[in-house]
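Participant: Just passing along the structure, written as structure tokens.
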Amino acid sequence: MTSVDAVVVGSGPNGLTAAVTLAEAGLSVQLHEAAPEIGGGARTEQLTLPGFHHDPCSAVHPLGAGSPALSRLPLERFGLEWLYPEVDLAHPLPDGSAVELTRGVERTAELMGADAATYRRVVRGFPERWDSLATNFFRAPLHGLPPDPLLLARFGLRAAWPAGALMRLFREERSRALLAGLAAHVNTPLSSVGTGGVALMFALAAHAVGWPVPRGGSQAITNALAGYLGELGGTIVTGHRVSDLAELPSASAYLLDVAPRELAGIAGSRLPARYLHRLGRYRYGPGVFKVDYALSGPVPWSNPSCRRATTVHIGPSSAEIGAALTAASRGRRPSTPFLITSQPGVLDDSRAPAGEQVFWVYAHVPHGWDGDLTAEIEAQLERFAPGFGDLVLARTVRGPAELEAHNPNYVGGDIACGSFSGTQTLFRPVIAANPYTTPDPAVYLCSSATPPGPGVHGMCGYHAARAALHNRFGTSLT
Ligand SMILES: Cc1cc2nc3c(=O)[nH]c(=O)nc-3n(C[C@H](O)[C@H](O)[C@H](O)COP(=O)(O)OP(=O)(O)OC[C@H]3O[C@@H](n4cnc5c(N)ncnc54)[C@H](O)[C@@H]3O)c2cc1C
Numbered sequence: 013m014t015s016v017d018a019v020v021v022g023s024g025p026n027g028l029t030a031a032v033t034l035a036e037a038g039l040s041v042q043l044h045e046a047a048p049e050i051g052g053g054a055r056t057e058q059l060t061l062p063g064f065h066h067d068p069c070s071a072v073h074p075l076g077a078g079s080p081a082l083s084r085l086p087l088e089r090f091g092l093e094w095l096y097p098e099v100d101l102a103h104p105l106p107d108g109s110a111v112e113l114t115r116g117v118e119r120t121a122e123l124m125g126a127d128a129a130t131y132r133r134v135v136r137g138f139p140e141r142w143d144s145l146a147t148n149f150f151r152a153p154l155h156g157l158p159p160d161p162l163l164l165a166r167f168g169l170r171a172a173w174p175a176g177a178l179m180r181l182f183r184e185e186r187s188r189a190l191l192a193g194l195a196a197h198v199n200t201p202l203s204s205v206g207t208g209g210v211a212l213m214f215a216l217a218a219h220a221v222g223w224p225v226p227r228g229g230s231q232a233i234t235n236a237l238a239g240y241l242g243e244l245g246g247t248i249v250t251g252h253r254v255s256d257l258a259e260l261p262s263a264s265a266y267l268l269d270v271a272p273r274e275l276a277g278i279a280g281s282r283l284p285a286r287y288l289h290r291l292g293r294y295r296y297g298p299g300v301f302k303v304d305y306a307l308s309g310p311v312p313w314s315n316p317s318c319r320r321a322t323t324v325h326i327g328p329s330s331a332e333i334g335a336a337l338t339a340a341s342r343g344r345r346p347s348t349p350f351l352i353t354s355q356p357g358v359l360d361d362s363r364a365p366a367g368e369q370v371f372w373v374y375a376h377v378p379h380g381w382d383g384d385l386t387a388e389i390e391a392q393l394e395r396f397a398p399g400f401g402d403l404v405l406a407r408t409v410r411g412p413a414e415l416e417a418h419n420p421n422y423v424g425g426d427i428a429c430g431s432f433s434g435t436q437t438l439f440r441p442v443i444a445a446n447p448y449t450t451p452d453p454a455v456y457l458c459s460s461a462t463p464p465g466p467g468v469h470g471m472c473g474y475h476a477a478r479a480a481l482h483n484r485f486g487t488s489l490t
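FYI, in the numbering used here the residues of the sequence shown are 13 to 490.
What follows is the structure in structure tokens.
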């Protein structure tokens, strides 16, 4: 094996962004991926029937389109095209109406009725400063002063709240349901500190950037990153699940897009017992249960907003969403699952044969749960889209075990690669000024087990690569 400057393990969005960032600085980079295909949580596959192109993991990309790390890269040149829906998110309610998230604050505020003024006040001043907010927020909190401490402090005053407390500012159930559904993206109870910030971040991303889908599916993000990496001279090896650094070419830096558990296995012989003990205490969160459908036509939503949105949340109520999250975190099957659904066919007819659609839904379940939630999921879909079942041509079901078998970062089906609660909301995988570094100066962690955590934004990879450039190569990005 010839030596290279840097080796990256794992080709998720963070691994690829790390590799690209290092290669942009002129380094020779080799990336090793366990799966036969690159992309980790950003892939597209014909999971059900020929001609139906499903996203087995991520599908909708407010954090990708709004990412400081990804937006500085020439990904459009490598085929990435964002498609923006008219309605970013619709949340139908039992009375037949719906709340919406859209670009610009006004439509969302109007649909909140008596809460319109409160909503405008809570988000005021942030959408127009999204770029600065994202740069300040998507970083390790203890790593130097943020570029705009005042903006971050103003946002932090509300962002630190549990979603449950933020929701109490609002009188109408429809507003609370919308916020609860947004906070639920991190799969932790609504009483957890910082979940209010998650809800606000997703809402602001919609108002400022939108919740786009990539034409052709999430694989387009991966292919664009890999295309750019290739142009910069980087190479990729697939089908190699790395279990020890000794299997890799010698390099000055190793950046691992893996779970902390995997980091301990791969680099354990080079890491002190004290650090390994801290990694061993890292907590993984609840899992998800996902179904991908091939449908003979668009989902027959009763509410018209849902037919125009690429993402639809089905709570329906804030209490039911809260109960589903609490049940999953306490190891119980949710009685009414909260559903996050995605229908890219609203915008992209390349995903399925003419007139047909791909559709994706997931719900929160306990860590490592081995039950089957398909019947409950489909009962909820029938409630808001009568006749849904008649359209199903094929389905692929994946619970926590299948998700983990598919990607070792999803420990117990936890798609956030670590619980997003307690200190781990901000400090991942350990409390440290620069959590991307490890006690071995050549070894870095760059997965979503580092700040800012889960999502297809590449920020963990970007920060880890910058740390390696500074510490190992005495250089930085221009
Ligand atoms: C069902 C589901 C829906 C989601 N929806 C969204 C969404 O709509 N929008 C969004 O922004 N995010 C979404 N996410 C989350 C998002 O996919 C992840 O947060 C993101 O992919 C994390 O990126 P990453 O690079 O840290 O890790 P991953 O994307 O998980 O990639 C890690 C890669 O490392 C490889 N790897 C791990 N260990 C080894 C090893 N030992 N040797 C070699 N390779 C290894 C894995 O095979 C994998 O390819 C979703 C995830 C799931 C599962």
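Backbone N, C-alpha and C fix where the C-beta goes; we use that ideal spot for every residue, glycine too.
Quick caveat: nothing in here was measured; it's all calculated off a predicted structure.
Tell whether a beta-carbon distance below 8 angstroms holds between Gly299 and Gly425.
Facilitator: Yes, they are a contact pair.
Participant: According to DSSP, is Arg440 part of a helix, a strand, or is it coil?
Facilitator: Correct three-state label for Arg440: coil.
Participant: Tell me the rounded alpha-carbon separation between Asn235 and Met179.
Facilitator: C-alpha separation (whole angstroms): 39 angstroms.
Participant: Is the beta carbon of His73 closer than 8 angstroms to that of Val468?
Facilitator: Taking 8 angstroms as the Cβ cut-off, Val468 and His73 qualify as a contacting pair.
Participant: Between the Cα of Ser330 and the Cα atoms of Val423, Phe182, Lys302, which residue gives the shortest distance?
Facilitator: Ser330 has its Cα closest to that of Phe182, out of Val423, Phe182, Lys302.
Participant: Count the C-beta pairs between the region 254–267 and the region 99–117 that are closer than 8 angstroms, then say yes if the count reaches three, no if not.
Facilitator: Touching, no.
Participant: Consult DSSP for Gln58 and reduce its assignment to one of helix, strand or coil.
Facilitator: Residue state, collapsed to three classes: coil.
Participant: Return yes when the C-beta of Glu416 is under 7 angstroms from any heavy atom of ligand 1, and no when it is not.
Facilitator: Checking the Cβ of Glu416 against ligand 1 gives no.
Participant: Taking a contact to mean a Cβ-Cβ separation below 8 angstroms, would you say Pro349 touches Leu385 in this structure?
Facilitator: Contact: yes.
Participant: Give a single yes or no on whether Leu34 has its beta carbon closer than 7 angstroms to a heavy atom of ligand 1.
Facilitator: Not under cutoff, so the answer is no.
Participant: Is Leu385 near ligand 1, going by C-beta to nearest heavy atom under 7 angstroms?
Facilitator: Outside the cutoff, so no.
Participant: Would you call the region 201–215 and the region 308–326 in contact, with 3 or more CB pairs under 8 angstroms?
Facilitator: No, the region 201–215 is not in contact with the region 308–326.
Participant: Would you identify the three-state DSSP class for Ala46, choosing helix, strand or coil?
Facilitator: In the structure shown, Ala46 sits in coil (DSSP, three-state: anything other than H, G, I, E or B).
Participant: Excluding the 5 residues preceding and the 5 following Leu199 in the sequence, name in chain order all residues of the same chain whose CB lies nearer than 6 angstroms to its CB.
Facilitator: Leu is not the amino acid found at residue 199; the sequence shown has Asn there. The residues are Gly297, Pro298, His376.
Participant: Just checking: is the beta-carbon of Phe400 within a distance shorter than 8 angstroms of some beta-carbon in chain C?
Facilitator: Given the protein chain composition of this structure (a single chain), no chain C is represented.
Participant: For a minimum of 4 consecutive residues, which ranges assigned as the alpha helix (DSSP H) are wholly contained in the region 160–225?
Facilitator: Entirely contained in the region 160–225, the alpha helix (DSSP H) runs reaching 4 residues are, in chain order, 161–171, 175–179, 185–195, 207–220.
Participant: Leaving out five residues on either side along the sequence, give the residues of the same chain with a beta carbon under 8 angstroms from the beta carbon of Tyr131.
Facilitator: Excluding sequence neighbours, Tyr131 sits near Val117, Thr120, Ala121, Met124, Phe182, Ser187.
Participant: How would you write the range of the beta strand (DSSP E) that Asp17 sits in, first residue to last?
Facilitator: Segment: none, Asp17 is in no beta strand (DSSP E) and carries neither H nor E.
Participant: Under the criterion of a Cβ to heavy atom distance below 7 angstroms, does Asn315 qualify as lining ligand 1?
Facilitator: The answer is no for Asn315.
Participant: One question on the structure: do Val423 and Arg290 come within less than 8 angstroms of each other, judged by their Cβ atoms?
Facilitator: No.
Participant: Look at the alpha carbon of Gly76 and the alpha carbon of Ile427, and state the distance between them as a whole number of angstroms.
Facilitator: Cα to Cα, the separation comes out at about 16 angstroms.
Participant: Distance check for Ile278 and Leu438, CA to CA, integer angstroms please.
Facilitator: Distance between the alpha carbons of Leu438 and Ile278: 25 angstroms.
Participant: Run the CB neighbour count on Gly176, radius 10 Å, all protein chains shown included, and call it buried at 16 or more, exposed below.
Facilitator: That one is buried.
Participant: Taking contact to mean at least 3 C-beta pairs separated by less than 8 angstroms, is the region 45–55 in contact with the region 345–364?
Facilitator: Contact fails: fewer than three Cβ-Cβ distances are below 8 angstroms.
Participant: Which ranges would you report for the beta strand (DSSP E) in the region 323–364 if only whole runs of at least 3 residues count?
Facilitator: Whole beta strand (DSSP E) segments, 3+ residues: 351–354.
Participant: State buried or exposed for Ser281, treating a residue as buried only when at least 16 other CB atoms are found within 10 Å of its CB.
Facilitator: Label assigned to Ser281: exposed.
Participant: Three-state secondary structure (DSSP) at Leu34?
Facilitator: Note: Leu34 maps to helix in three-state DSSP.
Participant: Using only the alpha-carbon positions, how far apart do Ile389 and Ile326 sit?
Facilitator: Roughly 10 angstroms between the two C-alpha positions.
Participant: Got a sec? Which residues, its chain only, sit under 7 angstroms from Asp127 by beta carbon, not counting five neighbours each side?
Facilitator: Correct list, in chain order: Phe182, Arg183, Glu184, Ser187.
Participant: Tell me, please, which residues DSSP counts as bridged to Gly299.
Facilitator: Paired residue(s): Val377.
Participant: State yes or no: is the C-beta of Cys318 nearer than 7 angstroms to some heavy atom of ligand 1?
Facilitator: No, Cβ of Cys318 sits at least 7 angstroms from all heavy atoms of ligand 1.
Participant: In the DSSP assignment, what residue or residues form a beta bridge with Arg407?
Facilitator: Tyr305, per the DSSP bridge assignment.
Participant: Kindly indicate which three-state DSSP category His66 falls into: helix, strand or coil?
Facilitator: Three-state result, His66: strand.
Participant: I'd like the list of long-range same chain contacts for Ser70, defined as Cβ closer than 6 angstroms, with 5 residues on each side in sequence excluded.
Facilitator: So the list reads Gly53, Ala54, Ser230, Val468, once near-sequence residues are dropped.
Participant: Less than 8 angstroms between the CB atoms is what I'm expecting for Pro139 and His44, so what's the real figure, rounded?
Facilitator: At roughly 40 angstroms, the Cβ-Cβ gap does not stay under 8 angstroms, so Pro139 and His44 are not in contact.
Participant: Compute the minimum distance between the beta carbon of Asp269 and the heavy atoms of ligand 1, and state whether it is under 7 angstroms.
Facilitator: Yes, ligand 1 has a heavy atom inside 7 angstroms of this Cβ.
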